[in-house]
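*Asks:* Residue 3 in the UniProt record's numbering sits at position 3 of the sequence shown; the count goes up by one each step and never skips.
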Amino acid sequence: MQSSSNLFPVALISAERRGDLSEDVYRLKPGNSPDGTVELALTRLGLADAPQSRGVPVILLHGSFSNRRFWYSPKGIGLGAFLARQGFDVWVPEMRGHGLSKRNHDYARNRVADYARYDLPAIGAFVREQSAQVPHWIGHSLGGTTLAAALGGKHLGAPAVASVALFGCQVSRTHWPLKIPLVEWTGRLLLKRLGQVSGARFKRGPEDEPAGVMIEAMRWNGLFGRFGEGKQDWWKGLAEVDLPLLAVSAAGDQQDPDWACRKLFEQIGSEHRQYLCLGRQQGFTDDFGHVEMLVSKAAQAEVWPLVARWLKDSLTPLQGAPAEGAATV
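1) Looking only at its own chain, which residues have a Cβ that is under 7 Å from the Cβ of Val127, when we skip the five neighbours before and after it?
2) Arg273 bridges to which residues according to DSSP?
3) Relative to the C-alpha of Phe288, which candidate in Gln130, Phe265, Pro244 and Asp256 has its C-alpha closest?
4) Where do the N-terminal and C-terminal ends of the beta strand (DSSP E) with Pro93 fall, by residue?
5) Of the choices Arg17, Gly31, Ala84 and Asn110, whose alpha-carbon is the least far from that of Gly55?
6) Cα-Cα, which of Glu240, Val112 and His155 is closest to Leu142?
7) Whole beta strand (DSSP E) runs in the region 16-85 with 3 or more residues, listed along the chain?
8) Rounded to whole angstroms, what is the Cα-Cα separation between Gln254 and Asn6?
9) Is it the case that the Cβ atoms of Val197 and Glu209 are separated by a distance below 8 Å?
10) What residues in its chain sit with their C-beta under 7 Å from that of residue 332, if we drop five residues either side in the sequence?
11) In three-state DSSP terms, what is Ala160?
12) Using the Cα positions of Ala298 and Val171, report the straight-line distance between them to the nearest angstrom.
13) My guess is that Ala149 and Trp220 are in contact by the Cβ rule of under 8 Å, so how many angstroms apart are they, rounded?
14) For Asn32, which residues in the same chain have their Cβ closer than 7 Å to its Cβ, ignoring the five residues on either side in sequence?
15) Is it buried or exposed for Leu194, if we count other Cβ within 10 angstroms and need 16 for buried?
16) First and last residue of the alpha helix (DSSP H) that includes Ile268?
17) Using the Cα positions of Glu266 and Asp49, report the straight-line distance between them to the nearest angstrom.
18) Closest to Ala239 by C-alpha separation, out of Leu100, Thr285, Arg226 and Ile268, would be which residue?
19) Per DSSP, which residues does Val197 bridge with? Please list them.
20) Would you kindly work out how many angstroms separate the C-alpha atoms of Arg18 and Gly187, rounded to a whole number?
21) Looking only at its chain, what residues have a beta carbon closer than 8 Å to the beta carbon of Glu23, apart from the 5 residues adjacent to it on each side?
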(Lines of atoms letter the chains of each structure in order from A; the text may use other names.)
(Lines give C-alpha, C1' and ligand atoms only; values in the text may rest on other atoms or scores of the structure.)
Protein backbone atom coordinates (compact mmCIF):
# COMPACT_ATOMS: atom_id res chain seq x y z
CA MET A 1 0.00 0.00 0.00
CA GLN A 2 1.44 3.34 -1.04
CA SER A 3 1.56 6.07 1.59
CA SER A 4 2.40 8.79 -0.90
CA SER A 5 1.21 9.96 -4.28
CA ASN A 6 2.61 11.21 -7.56
CA LEU A 7 -0.49 13.37 -7.98
CA PHE A 8 -0.24 15.86 -5.10
CA PRO A 9 0.98 15.99 -1.47
CA VAL A 10 -0.47 13.16 0.62
CA ALA A 11 0.32 12.13 4.20
CA LEU A 12 -0.71 9.00 6.10
CA ILE A 13 -1.85 10.62 9.36
CA SER A 14 -3.22 7.53 11.11
CA ALA A 15 -2.96 3.75 10.80
CA GLU A 16 -5.01 1.82 13.34
CA ARG A 17 -6.46 -1.62 13.86
CA ARG A 18 -10.19 -1.61 14.69
CA GLY A 19 -11.01 -5.17 15.64
CA ASP A 20 -10.85 -7.19 12.43
CA LEU A 21 -10.51 -4.03 10.32
CA SER A 22 -7.62 -1.74 9.46
CA GLU A 23 -8.27 2.00 9.35
CA ASP A 24 -5.78 4.14 7.42
CA VAL A 25 -6.44 7.88 7.26
CA TYR A 26 -4.82 9.99 4.56
CA ARG A 27 -4.63 13.76 4.30
CA LEU A 28 -4.85 14.96 0.71
CA LYS A 29 -3.74 18.42 -0.44
CA PRO A 30 -4.88 18.50 -4.07
CA GLY A 31 -4.08 22.18 -4.62
CA ASN A 32 -6.47 22.20 -7.59
CA SER A 33 -8.99 24.79 -6.37
CA PRO A 34 -8.82 28.58 -5.87
CA ASP A 35 -8.57 28.02 -2.10
CA GLY A 36 -5.13 26.52 -1.64
CA THR A 37 -5.78 25.68 2.03
CA VAL A 38 -8.17 22.82 1.21
CA GLU A 39 -7.20 19.52 2.84
CA LEU A 40 -9.31 16.38 2.57
CA ALA A 41 -9.31 13.42 4.95
CA LEU A 42 -9.74 10.09 3.20
CA THR A 43 -10.10 6.88 5.23
CA ARG A 44 -9.42 3.42 3.84
CA LEU A 45 -11.04 0.42 5.49
CA GLY A 46 -9.60 -3.02 4.91
CA LEU A 47 -9.15 -6.38 6.58
CA ALA A 48 -6.52 -6.13 9.31
CA ASP A 49 -5.25 -9.67 8.82
CA ALA A 50 -4.99 -9.30 5.06
CA PRO A 51 -3.38 -5.87 4.62
CA GLN A 52 -2.21 -6.57 1.07
CA SER A 53 -5.59 -7.86 -0.08
CA ARG A 54 -6.86 -5.55 -2.78
CA GLY A 55 -10.54 -5.83 -3.57
CA VAL A 56 -12.69 -3.70 -5.86
CA PRO A 57 -12.55 -0.06 -4.65
CA VAL A 58 -15.74 1.62 -3.41
CA ILE A 59 -15.93 5.32 -2.48
CA LEU A 60 -18.65 6.30 0.04
CA LEU A 61 -19.82 9.93 0.17
CA HIS A 62 -21.62 11.14 3.30
CA GLY A 63 -24.51 13.59 3.32
CA SER A 64 -25.02 16.97 4.96
CA PHE A 65 -24.25 17.51 8.66
CA SER A 66 -22.39 14.20 8.61
CA ASN A 67 -18.95 12.61 8.42
CA ARG A 68 -17.24 9.24 7.96
CA ARG A 69 -19.09 7.79 10.96
CA PHE A 70 -22.27 7.58 8.88
CA TRP A 71 -20.60 4.67 7.07
CA TYR A 72 -18.92 2.94 10.00
CA SER A 73 -19.01 3.39 13.76
CA PRO A 74 -16.01 3.22 16.14
CA LYS A 75 -17.21 -0.31 16.91
CA GLY A 76 -16.92 -1.32 13.26
CA ILE A 77 -20.61 -1.31 12.40
CA GLY A 78 -21.95 0.23 9.20
CA LEU A 79 -22.18 -0.29 5.47
CA GLY A 80 -18.53 0.65 5.02
CA ALA A 81 -17.37 -1.96 7.52
CA PHE A 82 -19.74 -4.53 6.00
CA LEU A 83 -18.34 -3.98 2.51
CA ALA A 84 -14.76 -4.18 3.78
CA ARG A 85 -15.58 -7.56 5.34
CA GLN A 86 -17.06 -8.60 2.00
CA GLY A 87 -13.64 -8.03 0.45
CA PHE A 88 -14.16 -4.58 -1.07
CA ASP A 89 -11.51 -1.87 -0.87
CA VAL A 90 -13.51 0.81 0.98
CA TRP A 91 -12.66 4.52 0.87
CA VAL A 92 -14.53 7.14 2.91
CA PRO A 93 -13.81 10.82 2.17
CA GLU A 94 -14.92 13.65 4.44
CA MET A 95 -15.91 16.89 2.75
CA ARG A 96 -14.22 20.22 3.50
CA GLY A 97 -14.54 21.07 7.19
CA HIS A 98 -16.22 17.77 8.11
CA GLY A 99 -14.79 15.15 10.44
CA LEU A 100 -11.02 14.95 10.04
CA SER A 101 -10.96 17.39 7.12
CA LYS A 102 -9.82 20.77 8.40
CA ARG A 103 -11.84 23.89 7.68
CA ASN A 104 -10.34 25.67 4.71
CA HIS A 105 -9.81 29.43 4.58
CA ASP A 106 -13.00 30.06 2.61
CA TYR A 107 -15.02 27.48 4.53
CA ALA A 108 -18.18 29.62 4.72
CA ARG A 109 -18.21 29.88 0.91
CA ASN A 110 -17.84 26.17 0.19
CA ARG A 111 -20.35 24.86 -2.35
CA VAL A 112 -21.39 21.61 -3.94
CA ALA A 113 -19.92 23.08 -7.12
CA ASP A 114 -16.49 23.12 -5.44
CA TYR A 115 -16.84 19.56 -4.20
CA ALA A 116 -17.92 18.37 -7.65
CA ARG A 117 -15.38 20.31 -9.71
CA TYR A 118 -12.29 19.94 -7.51
CA ASP A 119 -12.60 17.50 -4.62
CA LEU A 120 -14.30 14.42 -6.07
CA PRO A 121 -11.98 14.23 -9.11
CA ALA A 122 -8.94 14.46 -6.80
CA ILE A 123 -10.32 11.77 -4.48
CA GLY A 124 -11.12 9.51 -7.42
CA ALA A 125 -7.68 9.98 -8.96
CA PHE A 126 -5.95 9.11 -5.68
CA VAL A 127 -8.03 5.97 -5.15
CA ARG A 128 -7.33 4.82 -8.70
CA GLU A 129 -3.63 5.45 -8.18
CA GLN A 130 -3.56 3.51 -4.92
CA SER A 131 -5.73 0.59 -5.96
CA ALA A 132 -4.87 0.39 -9.66
CA GLN A 133 -8.60 -0.18 -10.29
CA VAL A 134 -11.60 1.92 -11.26
CA PRO A 135 -13.79 2.68 -8.21
CA HIS A 136 -17.53 2.41 -7.68
CA TRP A 137 -19.16 5.46 -6.08
CA ILE A 138 -22.00 5.51 -3.52
CA GLY A 139 -23.53 8.75 -2.25
CA HIS A 140 -26.18 9.41 0.37
CA SER A 141 -28.30 12.58 0.38
CA LEU A 142 -26.00 15.58 -0.25
CA GLY A 143 -23.20 13.13 -1.06
CA GLY A 144 -25.36 11.76 -3.86
CA THR A 145 -26.25 15.28 -4.99
CA THR A 146 -22.55 16.14 -5.18
CA LEU A 147 -21.94 12.99 -7.18
CA ALA A 148 -24.79 13.89 -9.55
CA ALA A 149 -23.33 17.40 -9.96
CA ALA A 150 -19.90 15.95 -10.79
CA LEU A 151 -21.43 13.61 -13.36
CA GLY A 152 -23.73 16.23 -14.89
CA GLY A 153 -20.87 18.73 -15.02
CA LYS A 154 -18.58 16.12 -16.62
CA HIS A 155 -16.05 16.36 -13.81
CA LEU A 156 -16.44 12.60 -13.25
CA GLY A 157 -17.43 9.85 -15.65
CA ALA A 158 -16.29 6.86 -17.64
CA PRO A 159 -13.70 5.42 -17.69
CA ALA A 160 -12.82 6.77 -14.23
CA VAL A 161 -16.09 5.57 -12.63
CA ALA A 162 -17.20 1.93 -12.58
CA SER A 163 -20.75 2.54 -11.35
CA VAL A 164 -22.85 4.99 -9.34
CA ALA A 165 -25.37 4.40 -6.53
CA LEU A 166 -27.50 7.27 -5.20
CA PHE A 167 -29.36 6.86 -1.89
CA GLY A 168 -32.02 9.37 -0.81
CA CYS A 169 -30.89 11.82 -3.46
CA GLN A 170 -33.00 14.38 -5.34
CA VAL A 171 -32.93 17.98 -6.56
CA SER A 172 -36.60 18.50 -7.51
CA ARG A 173 -38.45 18.98 -4.23
CA THR A 174 -39.63 22.59 -4.38
CA HIS A 175 -39.80 24.91 -1.39
CA TRP A 176 -42.34 27.38 -2.75
CA PRO A 177 -41.49 30.34 -0.47
CA LEU A 178 -38.06 30.43 -2.15
CA LYS A 179 -39.82 31.32 -5.42
CA ILE A 180 -40.51 34.72 -3.85
CA PRO A 181 -37.39 36.84 -4.55
CA LEU A 182 -37.62 38.76 -1.28
CA VAL A 183 -37.75 35.53 0.75
CA GLU A 184 -34.78 34.06 -1.09
CA TRP A 185 -32.78 37.31 -0.81
CA THR A 186 -33.48 37.55 2.94
CA GLY A 187 -32.48 33.92 3.46
CA ARG A 188 -29.22 34.41 1.60
CA LEU A 189 -28.38 37.54 3.62
CA LEU A 190 -29.05 35.75 6.91
CA LEU A 191 -26.93 32.75 5.93
CA LYS A 192 -24.04 34.96 4.83
CA ARG A 193 -24.06 36.63 8.22
CA LEU A 194 -24.14 33.30 10.06
CA GLY A 195 -21.38 31.73 7.96
CA GLN A 196 -22.54 28.23 8.88
CA VAL A 197 -25.52 26.20 10.06
CA SER A 198 -25.13 24.10 13.22
CA GLY A 199 -26.13 20.47 12.83
CA ALA A 200 -26.20 19.95 16.58
CA ARG A 201 -28.34 23.02 17.26
CA PHE A 202 -30.95 22.08 14.69
CA LYS A 203 -30.69 18.35 15.46
CA ARG A 204 -29.64 17.49 11.92
CA GLY A 205 -26.36 15.72 12.65
CA PRO A 206 -22.94 15.97 14.30
CA GLU A 207 -21.39 18.42 11.81
CA ASP A 208 -21.95 22.00 10.72
CA GLU A 209 -22.63 22.98 7.12
CA PRO A 210 -21.08 26.04 5.46
CA ALA A 211 -23.46 28.80 4.45
CA GLY A 212 -22.30 28.50 0.85
CA VAL A 213 -23.89 25.07 0.45
CA MET A 214 -27.20 26.31 1.85
CA ILE A 215 -27.18 29.46 -0.32
CA GLU A 216 -26.42 27.32 -3.36
CA ALA A 217 -29.42 25.07 -2.63
CA MET A 218 -31.62 28.15 -2.26
CA ARG A 219 -30.49 29.33 -5.66
CA TRP A 220 -31.37 25.96 -7.21
CA ASN A 221 -34.88 26.33 -5.79
CA GLY A 222 -35.28 30.04 -6.56
CA LEU A 223 -37.66 31.59 -9.08
CA PHE A 224 -35.41 30.95 -12.10
CA GLY A 225 -33.18 28.39 -10.42
CA ARG A 226 -31.79 25.22 -11.93
CA PHE A 227 -29.46 22.42 -10.91
CA GLY A 228 -26.20 23.80 -12.22
CA GLU A 229 -23.43 26.37 -11.91
CA GLY A 230 -22.98 29.39 -14.14
CA LYS A 231 -23.36 28.27 -17.74
CA GLN A 232 -23.15 24.61 -16.75
CA ASP A 233 -26.54 22.90 -16.62
CA TRP A 234 -25.89 19.79 -14.54
CA TRP A 235 -29.47 18.62 -14.99
CA LYS A 236 -29.15 18.50 -18.78
CA GLY A 237 -25.70 16.98 -18.46
CA LEU A 238 -27.11 14.03 -16.54
CA ALA A 239 -28.97 12.91 -19.66
CA GLU A 240 -25.58 12.19 -21.27
CA VAL A 241 -24.30 10.03 -18.40
CA ASP A 242 -23.90 6.38 -19.37
CA LEU A 243 -22.74 4.44 -16.32
CA PRO A 244 -24.35 1.57 -14.43
CA LEU A 245 -26.73 3.32 -12.04
CA LEU A 246 -28.60 2.33 -8.90
CA ALA A 247 -31.00 4.87 -7.38
CA VAL A 248 -32.60 4.08 -4.03
CA SER A 249 -35.37 5.95 -2.24
CA ALA A 250 -37.17 5.25 1.04
CA ALA A 251 -40.94 5.12 1.32
CA GLY A 252 -40.86 6.90 4.68
CA ASP A 253 -38.38 9.60 3.66
CA GLN A 254 -39.94 13.02 4.20
CA GLN A 255 -36.77 14.94 3.33
CA ASP A 256 -36.04 13.41 -0.08
CA PRO A 257 -39.32 11.77 -1.12
CA ASP A 258 -39.64 8.84 -3.48
CA TRP A 259 -41.18 10.83 -6.36
CA ALA A 260 -38.31 13.34 -6.37
CA CYS A 261 -35.63 10.62 -6.21
CA ARG A 262 -37.35 8.85 -9.11
CA LYS A 263 -37.34 12.08 -11.16
CA LEU A 264 -33.56 12.36 -10.79
CA PHE A 265 -33.20 8.69 -11.71
CA GLU A 266 -35.26 9.17 -14.87
CA GLN A 267 -33.13 12.14 -15.95
CA ILE A 268 -29.91 10.12 -15.96
CA GLY A 269 -29.35 8.60 -19.38
CA SER A 270 -27.63 5.38 -18.32
CA GLU A 271 -28.42 2.32 -20.43
CA HIS A 272 -28.10 0.03 -17.42
CA ARG A 273 -29.98 1.40 -14.44
CA GLN A 274 -32.13 0.20 -11.57
CA TYR A 275 -34.52 1.97 -9.21
CA LEU A 276 -35.44 0.67 -5.79
CA CYS A 277 -37.88 2.04 -3.21
CA LEU A 278 -37.46 0.71 0.33
CA GLY A 279 -40.98 0.20 1.61
CA ARG A 280 -43.51 -2.37 2.70
CA GLN A 281 -45.27 -2.32 -0.65
CA GLN A 282 -42.00 -3.32 -2.28
CA GLY A 283 -41.55 -6.32 0.02
CA PHE A 284 -39.40 -4.80 2.76
CA THR A 285 -40.25 -5.08 6.45
CA ASP A 286 -40.71 -1.34 6.94
CA ASP A 287 -41.10 2.02 5.22
CA PHE A 288 -37.50 3.12 5.66
CA GLY A 289 -36.57 6.71 6.52
CA HIS A 290 -33.89 9.02 5.16
CA VAL A 291 -31.17 7.85 7.53
CA GLU A 292 -32.62 4.42 8.36
CA MET A 293 -32.32 3.36 4.73
CA LEU A 294 -28.60 2.83 5.42
CA VAL A 295 -28.17 3.10 9.20
CA SER A 296 -30.44 0.68 11.05
CA LYS A 297 -30.70 -2.98 11.97
CA ALA A 298 -33.26 -3.42 9.20
CA ALA A 299 -30.86 -1.88 6.67
CA GLN A 300 -28.12 -4.21 7.89
CA ALA A 301 -30.34 -7.21 7.17
CA GLU A 302 -32.14 -6.06 4.03
CA VAL A 303 -30.23 -3.25 2.30
CA TRP A 304 -26.53 -3.88 2.82
CA PRO A 305 -26.60 -7.31 1.09
CA LEU A 306 -28.35 -5.69 -1.89
CA VAL A 307 -25.59 -3.09 -2.13
CA ALA A 308 -22.92 -5.79 -2.13
CA ARG A 309 -24.85 -7.71 -4.78
CA TRP A 310 -25.12 -4.59 -6.93
CA LEU A 311 -21.39 -3.91 -6.66
CA LYS A 312 -20.58 -7.46 -7.70
CA ASP A 313 -23.03 -7.47 -10.63
CA SER A 314 -24.73 -4.22 -11.60
CA LEU A 315 -26.54 -5.76 -14.57
CA THR A 316 -28.69 -8.27 -12.69
CA PRO A 317 -31.97 -6.94 -11.20
CA LEU A 318 -31.95 -6.75 -7.41
CA GLN A 319 -34.34 -8.91 -5.45
CA GLY A 320 -37.16 -6.87 -3.92
CA ALA A 321 -37.03 -4.09 -6.52
CA PRO A 322 -40.29 -2.93 -8.08
CA ALA A 323 -40.93 -4.61 -11.39
CA GLU A 324 -40.76 -1.37 -13.39
CA GLY A 325 -37.63 -0.17 -11.64
CA ALA A 326 -35.62 -3.35 -11.32
CA ALA A 327 -35.55 -4.09 -14.99
CA THR A 328 -32.48 -3.06 -16.94
CA VAL A 329 -33.54 -0.28 -19.29
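Quick reminder that beta carbons are idealized off the backbone N, C-alpha and C, glycines included.
*Replies:* Taking the definition as stated:
1) Along the sequence shown, read from residue 1 onward, the residue named residue 127 stands at position 127. Cβ neighbours of Val127 beyond the five flanking positions: Pro57, Ile59, Trp91 and Pro135.
2) The residue you call residue 273 lines up with position 273 of the sequence shown. Beta-bridge pairing links Arg273 to Leu245.
3) Mapped onto the sequence shown, residue 288 falls at position 288. Looking at the Cα atoms, Asp256 is the closest of the given residues.
4) The residue you call residue 93 lines up with position 93 of the sequence shown. That run of the beta strand (DSSP E) goes Asp89 to Glu94.
5) Residue mapping note: residue 55 aligns to position 55 of the sequence shown, counting from 1. Of the candidates Arg17, Gly31, Ala84 and Asn110, the one whose C-alpha sits nearest the C-alpha of Gly55 is Ala84.
6) Residue 142 sits at position 142 when you count from the first residue of the sequence shown. It is Val112 whose Cα lies nearest to the Cα of Leu142.
7) 21-28, 40-47 and 57-61
8) Your numbering for residue 254 matches position 254 in the sequence shown. Your numbering for residue 6 matches position 6 in the sequence shown. Rounded to whole angstroms, Gln254 to Asn6 spans 44 Å at the Cα level.
9) The residue given as residue 197 occupies position 197 in the sequence shown. The residue given as residue 209 occupies position 209 in the sequence shown. Yes, the Cβ-Cβ distance between Val197 and Glu209 is below 8 Å.
10) A query on residue 332 cannot be resolved here, the shown segment of the chain reaching from 1 to 329 and no further.
11) Against the sequence shown, residue 160 aligns to sequence position 160. Here Ala160 sits in coil by DSSP.
12) Taking the sequence shown and counting its residues from 1, one reaches residue 298 at position 298. Taking the sequence shown and counting its residues from 1, one reaches residue 171 at position 171. Taking the CA atoms as reference points, Ala298 sits about 27 Å from Val171.
13) Stepping through the sequence shown from its first residue, residue 149 is reached at position 149. Stepping through the sequence shown from its first residue, residue 220 is reached at position 220. The C-beta distance from Ala149 to Trp220 rounds to 10 Å, too long to meet the 8 Å contact threshold.
14) Locating residue 32 in the sequence shown gives position 32, where the first residue counts as 1. So the qualifying residues of the chain are Tyr118 and Ala122.
15) For the purposes of this step, residue 194 is taken as residue 194 along the sequence shown, with counting starting at 1. It is exposed - the Cβ of Leu194 has fewer than 16 other Cβ atoms within 10 Å.
16) Taking the sequence shown and counting its residues from 1, one reaches residue 268 at position 268. The continuous stretches of alpha helix (DSSP H) do not include Ile268, and DSSP gives it neither H nor E.
17) Taking the sequence shown and counting its residues from 1, one reaches residue 266 at position 266. Taking the sequence shown and counting its residues from 1, one reaches residue 49 at position 49. Rounded to the nearest angstrom, the two C-alpha atoms are 43 Å apart.
18) As a working mapping, residue 239 is identified with position 239 in the sequence shown. If we check each option's Cα against that of Ala239, Ile268 comes out closest.
19) For the purposes of this step, residue 197 is identified with residue 197 of the sequence shown, where counting begins at 1. Glu209.
20) By 1-based counting over the sequence shown, the position of residue 18 is 18. By 1-based counting over the sequence shown, the position of residue 187 is 187. Distance between the alpha carbons of Arg18 and Gly187: 43 Å.
21) For the purposes of this step, residue 23 is identified with residue 23 of the sequence shown, where counting begins at 1. Closer than 8 Å at the Cβ level, and outside the excluded window around Glu23, lie Ser14, Ala15, Glu16, Arg17, Thr43, Arg44 and Leu45.
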